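Below is one structure, written out as C-alpha cells; the observations come after it.
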Amino acid sequence: MKEIYFNHDGNIDDLVSYLLLLQAPDIKLLGVSAIDADGYIDPAVEACRKMTDRFNLRNDKLTVAKSTSRAVNQFPTEWRTAAYSFNSLPILNEAGKITTPQAKLPAHLDMIDKLKKADKSVILVMTGPLTDLARALDTDPSIENKIAKLYWMGGSLDGHGNVVMVNADGTQEWNAFWDPYAVKRVLESNIDIQMVGLESTEELPLNNKLKLHWASLRRFPAMDLIGQGYSLIVSNPDSQLYLWDVLTTMSALYPQIVETRRVKAKVLTEGLAAGRFEEDKNGREITLVTRANKNLFFNKMDSILERTK
Numbered sequence: 021m022k023e024i025y026f027n028h029d030g031n032i033d034d035l036v037s038y039l040l041l042l043q044a045p046d047i048k049l050l051g052v053s054a055i056d057a058d059g060y061i062d063p064a065v066e067a068c069r070k071m072t073d074r075f076n077l078r079n080d081k082l083t084v085a086k087s088t089s090r091a092v093n094q095f096p097t098e099w100r101t102a103a104y105s106f107n108s109l110p111i112l113n114e115a116g117k118i119t120t121p122q123a124k125l126p127a128h129l130d131m132i133d134k135l136k137k138a139d140k141s142v143i144l145v146m147t148g149p150l151t152d153l154a155r156a157l158d159t160d161p162s163i164e165n166k167i168a169k170l171y172w173m174g175g176s177l178d179g180h181g182n183v184v185m186v187n188a189d190g191t192q193e194w195n196a197f198w199d200p201y202a203v204k205r206v207l208e209s210n211i212d213i214q215m216v217g218l219e220s221t222e223e224l225p226l227n228n229k230l231k232l233h234w235a236s237l238r239r240f241p242a243m244d245l246i247g248q249g250y251s252l253i254v255s256n257p258d259s260q261l262y263l264w265d266v267l268t269t270m271s272a273l274y275p276q277i278v279e280t281r282r283v284k285a286k287v288l289t290e291g292l293a294a295g296r297f298e299e300d301k302n303g304r305e306i307t308l309v310t311r312a313n314k315n316l317f318f319n320k321m322d323s324i325l326e327r328t329k
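Positions 21 to 329 (this note's numbering) are the ones given, in order, by the sequence shown.
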C-alpha cells in the first residue's frame, strides 16, 4: 500500500487533487499541507479541513498543516482568490462545523514529522512550489532517505512559460518562479523526481465538454464538488488551461497513465530567466512526463470520484 504526503498551494486544481487523495482506494494519506502561493493559505487550509470531514473515505487520521514559507515572487492576486470561493461552497459548509484540526507544526516541520514516523518510504505529491520540501531538507537532511519518490507539478522543458511579470522574461513556470532557490535545493538532493511540466498535459484541457461531463454525474457528491469548483475558474478563451495538478496526483496513484522520458536539467535562479528549466548534459537527472493516456486518466478519475454516494 502506498503511503503519501501531499503539499499543495490551494487553488482549484490543488483542492481537487486533495479530494482524489481522500477518496482513492489502496493508499494511506499520512498528511497534507498548504503553502501560500496560487491560493490564499487561510481559506485553502480551512477548505482542506472541511473536505477531510466530508470525503475522508478511508478514515485516515489527518490534520492540515499551514506553511510559514514566503514567496520570492508571489502569484497574481486575481488567481489566488479562488480559494475563498471554493471554501464557501455549500457542500463544504452544510455541516456547520469543522472537526478536522489544523496541525500544530508548520508545513515543513509537519512533513519531517510524518516522514520520520512512517513505516516505509513515502511518496511526496507536490502541486505547488517546492519551498516546504527545501526547508525540510535543510532542517533534517536525513528525511531524504524516507522519500520513495517526489511527484511535482512545476517547470517546463520545452521553452515556454506562463509567467507574465515585469521582472521575468516569460520562460518560467509559476511554481518554479515562486521560489527558484527551493527548486535548486531539491535538485541538489538525491530524491527520485518525476516532473509534470507545462508541456505534459496537452491531452487534458479544462473545457466545457469536461465540465458538462462532471455536471451529468453530480449525483455523486465528489463529482458535484469538483463541478462546482471548476465552475469558479474564469479565463480568457484564448488562454487554455489544463489539468496539470490533477495529472501529477493521478500519476502518483496510477503510474501507467503517463509516458515519460529521462532528462538532465538545471534551473536558473538569477536574472530575468530565474525559475527557467533548461536541459543540460551536466544537470540533474529527472523523469519528465511527456504524454498522458486520456481515456485511462478519466476512467480512473471517475472511478475515484464515484466512490462516495
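Quick reminder that beta carbons are idealized off the backbone N, C-alpha and C, glycines included. If you're wondering where the values come from, they're calculated on a predicted model, not measured in any experiment.
Per the coordinates, the alpha-carbon of residue 319 lies some 26 Å from the alpha-carbon of residue 29.
Counting other Cβ atoms within 10 Å of its Cβ, residue 162 stays below 16 and is therefore classed as exposed.
By the beta-carbon neighbour count (other beta carbons within 10 angstroms, threshold 16), residue 139 is exposed. With a threshold of 16 other beta carbon atoms within 10 Å, residue 74 meets it and is buried.
Taking C-beta atoms under 8 Å as the contact rule, residue 244 and residue 34 fail to qualify, at a distance of about 19 Å. With respect to the C-alpha of residue 172, the residue from 76, 107, 98, 270 having the closest C-alpha is 270.
If you compare the alpha carbons of 192, 85, 276, 253 with that of residue 294, the shortest gap goes to 192. Distance between residue 72 and residue 82, taken at the CA atoms: about 8 Å. Residue 172 has 146, 215 as its beta-bridge partners, per DSSP.
In this structure the segment 185-200 touches the segment 85-93; the number of beta carbon pairs closer than 8 Å is three or more.
Residue 115 is classed as exposed because its beta carbon has fewer than 16 other beta carbons within 10 Å across all chains shown. According to the DSSP assignment, residue 318 belongs to the alpha helix (DSSP H) that extends over 314-325. With 16 or more other Cβ atoms inside 10 Å of its own Cβ, residue 217 counts as buried.
Our two residues, residue 128 and residue 86, have alpha carbons roughly 9 Å apart in a direct line.
Under the DSSP assignment, residue 72 falls in the alpha helix (DSSP H) whose first and last residues are 61-75.
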